[in-house]
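Q: Here's a structure for you.
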Amino acid sequence: MATKITVNSNGSLKVDGDFTIVDKDGNEYGLGGRTVVSICRCGQSQKLPFCDGSHKGQFVHDAKAYDLPPKKDA
Ligand code: FES
1 MATKITVNSN
11 GSLKVDGDFT
21 IVDKDGNEYG
31 LGGRTVVSIC
41 RCGQSQKLPF
51 CDGSHKGQFV
61 HDAKAYDLPP
71 KKDA
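Counted the way the working numbering counts, the sequence shown spans residues 1 to 74.
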């Protein structure tokens with residue numbers, strides 16, 4: 001299954017599908033068998049990089065998809 005990332009309004013990024021999450025050194029986070037996780041994007045979680053619900057009432061972003069401009073050649 002392809003990985004799907006859902007940008008939730010006022011909250012996390014939901015990651016679903018075939019993925020691994022690693023730290024800056026390439027070490028993998030153990031997900032305890034989870035195939036769906038929520039990644040914090042508000043910066044307030046005590047369990048970064050995962051969402052712990054701390055965003056509730058503290059983070060506002062109305063998630064609406066849009067197109068990025070064309071990638072520039074390097
Ligand atoms: S997005 Fe949920 S705690 Fe940051």
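Cβ atoms here follow ideal geometry from the backbone N, Cα and C, with glycine treated the same way.
Please say whether Cys40 and Ser9 have beta carbons closer to each other than 8 Å?
A: No, they are not a contact pair.
Q: What does the alpha-carbon distance come out to for the pair His55 and Gly30?
A: Cα to Cα, His55 sits roughly 23 Å from Gly30.
Q: For the ligand FES, enumerate in chain order all residues having a CB closer than 7 Å to any of its heavy atoms.
A: My final list is Gly11, Ser12, Ser38, Cys40, Arg41, Cys42, Gly43, Gln44, Ser45, Cys51, Asp52, Gly53, Ser54, His55 and Phe59.
Q: Would the beta-carbon of Asp18 fall within 8 Å of that of Thr3?
A: Cβ distance < 8 Å, so Asp18 and Thr3 count as in contact.
Q: Given this structure, state the Cα-to-Cα distance separating Gly26 from Gly57, to the nearest angstrom.
A: The straight-line gap from Cα to Cα measures roughly 33 Å.
Q: Looking at the structure shown, is Ile5 part of a helix, part of a strand, or coil, going by DSSP?
A: Three-state result, Ile5: strand.
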